[in-house]
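In what follows, a single structure is set out as structure tokens and then discussed.
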Amino acid sequence: MTSPFGDDPCFRPVTRLPLPGGRDRIRVVELLATGTNGGAQEHVLNLVTRIDRERYDVSVCSLSAGSAVRRLERAGFPVCVIEAADDDAAIEAVAAHLAAIRADVVHNHMYRAEIVGTRAGWRVADAGLPRPYVVGTVHSSRIRSDEDRDLIRRLTPRMDHLIAVSSSIVRKIADEARVGAPVTLIYNGIDLERYDQQLPCCTLREEYDLPPEGPMVGVVARLEPEKGHPTLLDAWPSVLAEFPNASLLIIGEGSRREALEAQVEGLRLAGSVILTGRRDDVPAVTKALDVAVLPSYREAQGLTVLEAMALSRPVVASNVGGVPEMIEDGVTGLLVPPHEPVALADAILRLLRDHPLADTLGRAGHDLVHERFCVQLMARAVETIYDESVLAGARLAG
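The sequence shown begins at 1 in the numbering used here and counts up one residue at a time.
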């Protein structure tokens, strides 16, 4: 591929050894725990659209239907949806699917997929068939229950490779005593071509009847407890005190929508806070923001931070999890403690007051994403692990 960005590390060519045994492609199944939109699902979409399709025969399987499944299908990737009554039934169904397509690798995403996919891979071996190489990407520190945590710990020696999306996740894997499988740090990447292209003009002001001259601040995140929206709403009156025409856009859907709407009403912010719901034009919306915010209480990495940085938007984010691996405070963005609305308001106000600082941080963030967080680098690193399943002695199926 010819780089549109000169000597951009994301577009440097890579040379790989021929596959042994006369095989032309490695068959990979990406297994999703859920089919609804989220960071892991965005990761898989980015991965399957950028992986070398001449070398890897990639398909997707999901343990539930949802909007992410529909997005994958629109992108040309049919998804095998397995909606089983319980994990045991899911294991049987996934094992049958892996055996039917003679998968070489099962790549599990999120904890339920790790449980189901790992056991399904070994179930294939129990049936006397070649076992798929078991890879798991750990996207977050959240696990359904202590029982699942113990089960995943016991299953880890039966996994061939773990991928962590941030150094904080590497530490979490160690803290949970998950031993017996090698761990590789591979940062999530985003599709820079999607963000560097000429984006359509966003009509947010007209669409939501926002003040024509007021600054726009926004957060793109699922409306779930760990994303920290209540702290941002508590911070917003202080921003309005100095910028009364400012607007806050909360972009996304989730289980906390009604609670957030009640908080908006209780704080009398209805005129300046818009809950947009899910939008399909997130790059254009993000580009229109004066400040992008991620007030999370827990975050493995935070793809929406990378997306804002790719668009040269100044970012304020919580100093949690893997976020400091993307944002150097005062250099590529501003970091604030979680759960602290005063600090969050101060950081937002600092960027709204100081346009040169906001521009400088935005440019530095843009450059960092190109150096370290593009989807091409992510895909190449994952491909290397798939290759190890073959070249390091793990056999190809059939």
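Quick reminder that beta carbons are idealized off the backbone N, C-alpha and C, glycines included.
Taking the alpha-carbon of residue i as reference, which of the options has the nearest alpha-carbon?
i      : options                           : result
Asp196 : Thr384, Gln263 and Cys374         : Cys374
Leu192 : Thr34, Arg16, Pro157 and Gly365   : Gly365
Val382 : Val106, Leu151 and Ala96          : Val106
Leu63  : Glu83, Asp57 and Pro18            : Glu83
Leu344 : Val239, Arg268, Glu261 and Ile251 : Val239
Glu328 : Thr184, Val369 and Glu340         : Val369
Ile190 : Thr384, Asp387 and Met378         : Met378
Asp150 : Arg131, Pro215, His355 and Asp175 : Asp175
Val81  : Asp88, Val94 and Glu261           : Val94
Val124 : Asn108, Ser140, Glu147 and Ala100 : Ala100
Val415 : Leu351, Glu325, Pro338 and Gly330 : Nothing in the structure corresponds to residue 415, since the chain is present only between 1 and 398.
Arg194 : Pro230, Asn46 and Leu391          : Asn46
Ala127 : Thr304, Glu92 and Ser140          : Glu92
Arg363 : Leu391, Leu306, Asn108 and Leu349 : Leu306
So, under 8 Å CB-CB, residue i and residue j are touching, yes? Tell me the CB distance rounded to an integer number of Å.
i      : j      : result
Leu232 : Val179 : Actually they do not touch by this definition, with Cβ atoms about 39 Å apart.
Val323 : Gly218 : Not quite, the Cβ-Cβ distance comes to about 17 Å (not below 8 Å), so this is no contact.
Leu289 : Val316 : Actually they are not in contact, since the Cβ atoms of Leu289 and Val316 sit about 11 Å apart, beyond 8 Å.
Ser296 : Val320 : 6 Å
Leu155 : Pro182 : Not really, about 15 Å apart at Cβ, beyond 8 Å.
Val58  : Val79  : About 12 Å; that fails the 8 Å criterion.
Val14  : Arg380 : 5 Å
Arg153 : Ala177 : 6 Å
Met159 : Thr118 : 6 Å
Val138 : Ile115 : About 13 Å separates the two Cβ atoms, so there is no contact after all.
Ala68  : Thr36  : 6 Å
Arg256 : Pro215 : Not confirmed; about 25 Å, so no contact.
Pro314 : Ala358 : 4 Å
Val342 : Ser318 : Incorrect: roughly 14 Å between the Cβ atoms, too far for contact.
Between the alpha carbons of residue i and residue j, how many angstroms are there, rounded?
i      : j      : result
Leu129 : Val135 : 18 Å
Arg414 : Ala164 : With the chain covering only 1 through 398, there is no way to say anything about residue 414.
Leu98  : Gln263 : 47 Å
Glu206 : Pro212 : 9 Å
Leu269 : Pro237 : 8 Å
Tyr436 : Arg53  : Outside the modelled stretch of the chain, which goes from 1 to 398, sits residue 436, for which no answer is possible.
Met309 : Pro283 : 11 Å
Ser145 : Gly254 : 21 Å
Ala241 : Val48  : 46 Å
Asp234 : Gly266 : 10 Å
Val291 : Arg142 : 28 Å
Ala103 : Arg25  : 11 Å
Ser166 : Arg353 : 32 Å
Val96  : Thr34  : Inspection of the sequence shows that residue 96 is occupied by Ala rather than by Val. Roughly 19 Å between the two C-alpha positions.
Ser312 : Ala90  : 43 Å
Leu351 : His229 : 19 Å
Please classify residue i as buried or exposed, where buried requires at least 16 neighbouring CB atoms within 10 angstroms.
i      : result
Tyr111 : buried
Glu73  : exposed
Thr332 : buried
Ala300 : buried
Ser389 : buried
Leu17  : exposed
Tyr208 : exposed
Tyr386 : buried
Arg131 : buried
Arg222 : buried
Pro20  : exposed
Gly39  : buried
Arg278 : exposed
Per DSSP, which residues does residue i bridge with? Please list them.
i      : result
Asp329 : Gly333
Thr231 : Per DSSP, none; premise fails for Thr231.
Ser247 : Met216
Val81  : Ser62
Tyr133 : Val105
Leu32  : Ser62 and His109
Thr184 : Ile163
Arg27  : Asp57
Val273 : Leu248
Ala221 : The partner list for Ala221 (beta bridge, DSSP) is empty, contrary to what the question assumes.
Val138 : Ala164
Cys374 : Ile190
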